[in-house]
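Asker: In full-length UniProt numbering, the protein residues as written are 1 to 321.
#1: Rounded to whole angstroms, what is the Cα-Cα separation between residue 189 and residue 160?
#2: With a cut-off of 8 Å, do at least 3 Cβ pairs link the region 126-138 to the region 197-214?
#3: In its own chain, which residues sit with a C-beta less than 7 Å from the C-beta of residue 181, not counting the 5 before and 5 after it?
#4: Among the candidates 272, 179, 162, 115, whose CA atom is the shortest distance from the CA of residue 303?
#5: On the premise that residue 289 lies in contact with residue 230, defined as a C-beta separation below 8 Å, what is that separation, rounded to the nearest angstrom?
#6: Put residue 262 into one of helix, strand or coil per three-state DSSP.
#7: Spatial neighbours of residue 1 within its chain, please: CB distance less than 6 Å, with the 5 preceding and 5 following residues excluded, ordered by chain position.
#8: Mind checking which residues open and close the beta strand (DSSP E) that includes residue 72?
#9: Kindly indicate which residue of 117, 145, 146 has the alpha-carbon position closest to the one of residue 137.
#10: Is DSSP giving residue 147 helix, strand or coil here?
#11: Can you tell me whether DSSP reads residue 158 as helix, strand or coil?
#12: What's the gap between the Cα of residue 14 and the Cα of residue 76?
#13: Tell me the DSSP secondary structure of residue 218 in three-state form.
#14: Considering just the uninterrupted stretch of the alpha helix (DSSP H) at residue 296, what are its terminal residues?
#15: Compute the distance between the beta-carbons of residue 394 and residue 258, then report whether it is under 8 Å.
#16: Skipping 5 residues on each side, what residues in its chain have a beta carbon closer than 6 Å to that of residue 300?
#17: Please state whether DSSP places residue 59 in a helix, a strand or coil.
#18: Just the Cα atoms here: how many angstroms apart are residue 233 and residue 82?
#19: In the DSSP assignment, what are the bridge partners of residue 273?
#20: Using a Cβ-Cβ cutoff of less than 8 Å, which residues in the same chain neighbour residue 31 once the five nearest sequence positions on both sides are dropped?
#21: Taking the continuous alpha helix (DSSP H) assigned at residue 173, which residues delimit it?
#22: Along the chain, where does the beta strand (DSSP E) that runs through residue 141 open and close?
#23: Put residue 39 into one of helix, strand or coil per three-state DSSP.
#24: What do you get for residue 207, buried or exposed, if any count of 16 or more other CB atoms within 10 angstroms of its CB means buried?
#25: Report the start-end ranges of each beta strand (DSSP E) in the region 90-114 that is 3 residues or longer and not cut off at the edges.
#26: Can you tell me where the beta strand (DSSP E) with residue 190 in it begins and where it stops?
#27: Our contact map puts residue 98 next to residue 168 with C-beta atoms below 8 Å; I'd like the distance itself, whole angstroms only.
#28: Do you know offhand how far residue 96's Cα is from residue 276's?
#29: Compare the Cα-Cα distances from residue 280 to each of 164, 247, 158, 296 and report the closest residue.
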């Protein structure tokens, strides 16, 4: 039986994620998997993250799927546009890594221990906005690049920053959790929708592969991501807009419950709207939509941007690792 071709970006993090999925699929099914590197527009660009455009890290992988150059692909779920792709199917959402943000700082410092005017680098508008909202008088520096290049700006021989904020999941998957000086409480910095989660995607008409990949699916993670993505989609915001959303599953009186928190923050941190909503996993989509509608009723659209002629909001789009 021929090996399945798994398409992946060539970054260290993407390769680590894809190898983890390949290993899990081999263990569960016995099928061999080979990795096929695909270069995306996001990998070739040096533009600021929020100006790259939505889906910039996934479109080449999806093109390769459609052209039958690969059999399936692994994406960082937060990189995916909220609208589905015709002819493709998310066959599995594996168990989520810790979705919280993490600080890597000089001298082992936490956010509260950073001095006024300390330089903190990050590429996401969501993180920039929430760092400003903390009122710690930090100097926030927009940066981009892979995990290694960002950490080097704090811990390398030519370091020029006091700290960087990254997704904890990426550092853990790269075996670099020991470099984290603080895992940031979501009460201080709410994660991006789908942060820490992966999407395993294949062609919708490949029913045998859809069934095979389904062994990797984790229902609680899929429910949480469904709520977060419905929230993001209803706000018509991109994956690097100043929007945060985090759903957790907990045991309630009548079974599992989803607890979804959402926030929209102005880039300078001066305005924010934060709300939460609960419901059952079966209601995940409705929970996300309802929470977004509540935020919009409270004026979230004035923070996200003004509507365009087509009805869509002005967006700050892109993706980060």
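Glycine included, every Cβ here is placed at the ideal spot set by N, Cα and C.
Answerer: Reading off the structure:
#1: 24 Å
#2: no
#3: For residue 181, where only same-chain residues beyond five positions count, the Cβ hits under 7 Å are 103, 104, 105, 108, 109, 110.
#4: Of 272, 179, 162, 115, the residue nearest in Cα terms is 272.
#5: 5 Å
#6: DSSP, reduced to helix, strand and coil, places residue 262 within a strand of the structure shown.
#7: none
#8: 72-76
#9: 117
#10: Three-state DSSP puts residue 147 in a helix.
#11: If DSSP states are grouped into helix, strand and coil, residue 158 belongs with coil.
#12: 8 Å
#13: coil
#14: 284-297
#15: Limits of the chain in this structure are 1 at one end and 321 at the other, which puts residue 394 out of reach.
#16: 264, 273
#17: helix
#18: 6 Å
#19: 264
#20: So the list reads 1, 3, 4, 25, 212, once near-sequence residues are dropped.
#21: 168-173
#22: 139-142
#23: coil
#24: exposed
#25: 101-105
#26: First-last for residue 190: undefined, no H or E at that position.
#27: 5 Å
#28: 21 Å
#29: 247
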